[in-house]
């Protein structure tokens, strides 16, 4: 900060801390596998947020103190919590992330990204390898069939008389 008037000038440095309400970050989401779901909720705020996961269809609320289900990590102003649900994920399940500090609360329903959406990333290359193997097998079969046909039907290059050895 600098102040100046007809009597002179003075400067001094100081730290300014800005505090703000939580904001849930876009990379917050749930990923479902066969029998589990992992939900990540990342929120930015100052002072630090308390993240809570709500499962309204199961009437359950879980926060970062439940270490059996939730892992939390703080990096700067960002707190990331990961919830692991150990059951088959049904279509009715939805999870709400809640980030709260003394300036407010922000809630967001987390979108599910099912891992079988990556199935085509696996099926594509495997399918290409299988198709290539089938193509090679067909080419070999046709080649052998032609060779066998040429041996059964003597063609243009052979004469009626057997070769003579001296």
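Numbering (our numbering), first residue to last: -19 to 146.
C-beta: ideal position from N, C-alpha, C; glycine also.
Here the alpha carbons of residue 2 and residue 19 stand approximately 18 Å from one another. Taking a C-beta distance under 7 Å as the contact criterion, residue 57 and residue 26 qualify as a contact pair. For residue 110, there are no CB contacts under 7 Å within the same chain when 5 residues up- and downstream are skipped. Proximity of the stretch 3 to 10 to the stretch 36 to 48 falls short of the contact definition, fewer than three beta-carbon pairs being nearer than 8 Å. Cα atoms of residue 75 and residue 34: separation of roughly 6 Å, rounded to the nearest angstrom. Around the beta carbon of residue 63, 16 or more other beta carbons sit within 10 angstroms, so the residue counts as buried. Beta-bridge partners of residue 3 (DSSP): 24.
About 5 Å separates the beta carbons of residue 59 and residue 29, which is inside the 8 Å limit, making them a contact pair. The beta carbons of residue 92 and residue 12 sit about 5 Å from each other, so the pair counts as a contact at 8 Å. Spatial neighbours of residue 84 in its own chain (CB-CB distance under 6 Å, excluding positions within 5 residues in sequence) are listed in chain order as 1. Of the candidates -15, 32, -5, the residue whose Cα lies closest to the Cα of residue 88 is 32. By the Cβ-count criterion, residue 90 is buried, with 16 or more other Cβ atoms from all chains shown falling within 10 Å of its own Cβ. Linking residue 55 to residue -16 through their CA atoms gives a straight-line distance of about 40 Å. According to DSSP, residue -15 shares a beta bridge with -12.
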